[in-house]
Amino acid sequence: MRIEELYPETDWCMKFTNEEILKYFVEPLSMNSDVDIRVLSDDEEIPKDSDKQIETVCLDGEKQELFINFLECQTSIFIMDTEIMFIDDNAKKNYTSSDTAYNVVYEGNLRCMTHKEILEMLAEIISYCIGTYEIYVEEEKMDNLNHSSYQTFKYDVNLKANKSEKKKLNYNNIYINIE
Numbered sequence: 000m001r002i003e004e005l006y007p008e009t010d011w012c013m014k015f016t017n018e019e020i021l022k023y024f025v026e027p028l029s030m031n032s033d034v035d036i037r038v039l040s041d042d043e044e045i046p047k048d049s050d051k052q053i054e055t056v057c058l059d060g061e062k063q064e065l066f067i068n069f070l071e072c073q074t075s076i077f078i079m080d081t082e083i084m085f086i087d088d089n090a091k092k093n094y095t096s097s098d099t100a101y102n103v104v105y106e107g108n109l110r111c112m113t114h115k116e117i118l119e120m121l122a123e124i125i126s127y128c129i130g131t132y133e134i135y136v137e138e139e140k141m142d143n144l145n146h147s148s149y150q151t152f153k154y155d156v157n158l159k160a161n162k163s164e165k166k167k168l169n170y171n172n173i174y175i176n177i178e
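Residue numbers (numbering that gives the first Met the number 0): 0 to 178.
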């Protein structure tokens, strides 16, 4: 089944329920002993069974150097001072270069992915960022194939992390190099 059938034109593709966030994002990451998970709404910690919508999940406790924000039309991963933006394809036309400048912006098509697939991808990316103590981003201009009103780039996200193995990962226009 194509995902466009699941997301009417007027709905955001990242309008996740708390249950989806907990099952496909929080639970897999909670198995890692190096994370200290805090679930927040309106910048206040909430119990996982709260009726309040989950807006932020911190993975390093109070430090807040590794966290994710869920905003329905956009989900952002923050690694130290670097933001990786995942923008609903239908919202990209509303973003300008001033919105995306100095951030890493995913240019893959999210509307063709299920909530489970999106959340699992986000959890996978975050799992590779655990233990990062240094991040450096290089960008190279790309042709603007999505017709957005901001410049698109290929990004090399270079992480120095407390991990024993080096890895190179690719998520569309984002290349993550773990040193």
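All C-beta atoms, glycine included, are put in the ideal place defined by N, C-alpha and C.
Restricting attention to Phe69, Glu19, Leu58 and Met30, the CA atom closest to the CA of Asp48 is found in Glu19.
The beta-carbon distance between Cys128 and Leu65, rounded to whole angstroms, is 6 Å. This is short enough to meet the 8 Å contact definition.
In this structure, the alpha-carbon of Asn17 lies about 14 Å from that of Thr74. Excluding its 5 nearest sequence neighbours in each direction, Met141 has C-beta neighbours in its own chain below 8 Å: Glu106, Thr151, Phe152, Lys153 and Asn172, listed in chain order. The beta-carbon distance between Glu178 and Lys167, rounded to whole angstroms, is 10 Å. This is too long to meet the 8 Å contact definition. In the structure shown, Leu5 falls within a coil segment according to DSSP collapsed to helix, strand and coil.
When rounded, the separation of the alpha-carbon atoms in Ile76 and Gln52 is 18 Å.
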